[in-house]
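In the numbering used here, the protein residues as written are 134 to 240.
All C-beta atoms in this analysis are idealised placements derived from N, C-alpha and C, irrespective of residue type, glycine included.
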Amino acid sequence: MDAQQLIKEQVTSNPVVLYMKGTPQFPQCGFSATTVQILKACGVSTFLSVNVLENPEIRNGIKEYANWPTIPQLYVRGEFIGGCDIMREMYEDGELQKLLEGLVEPV
134 MDAQQLIKEQ
144 VTSNPVVLYM
154 KGTPQFPQCG
164 FSATTVQILK
174 ACGVSTFLSV
184 NVLENPEIRN
194 GIKEYANWPT
204 IPQLYVRGEF
214 IGGCDIMREM
224 YEDGELQKLL
234 EGLVEPV
């Protein structure tokens, strides 16, 4: 399976996918750390995280897949949402919480 097929499978088979540098437990850049914090603030505790530093094909392939040059990248229900700045704006406006409704674990 090539990188584009793998990415498509990941984003369509999982409700929330975050392509990031590092892991949620050990992010390796500030933008990735911020996206994890935003997801947690929205109540999302379970999501697929893909460490792009572990696979150069995924690291380059995800940029082509979304036609978006930077990492991190968030996908919700198979749709590309954006990176850190877009997530932050959507969170501050309450849009991200609405988008994630039904995917949030009950507290």
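| query | result |
| --- | --- |
| Can you give me the start and stop residues for the alpha helix (DSSP H) that Ile219 sits inside? | 217-226 |
| At the level of alpha carbons, what is the spacing between Ser165 and Met134? | 26 Å |
| Go to Ser165, then tell me how far its alpha helix (DSSP H) extends in each direction, as first and last residue. | 163-174 |
| Using only the alpha-carbon positions, how far apart do Pro202 and Asn188 sit? | 16 Å |
| Can you tell which of Glu222, Ser182, Arg221, Gly235 has its C-alpha closest to the C-alpha of Gly155? | Ser182 |
| If you follow the alpha helix (DSSP H) that Asn193 is part of, which residue opens it and which one closes it? | 189-199 |
| Can you give me the Cβ contacts of Ala199 inside the same chain, cut-off strictly under 7 Å, excluding the 5 residues immediately before and after it? | Gln206, Phe213 |
| Please state if the CB of Pro148 and the CB of Arg221 are separated by a distance shorter than 8 Å. | no |
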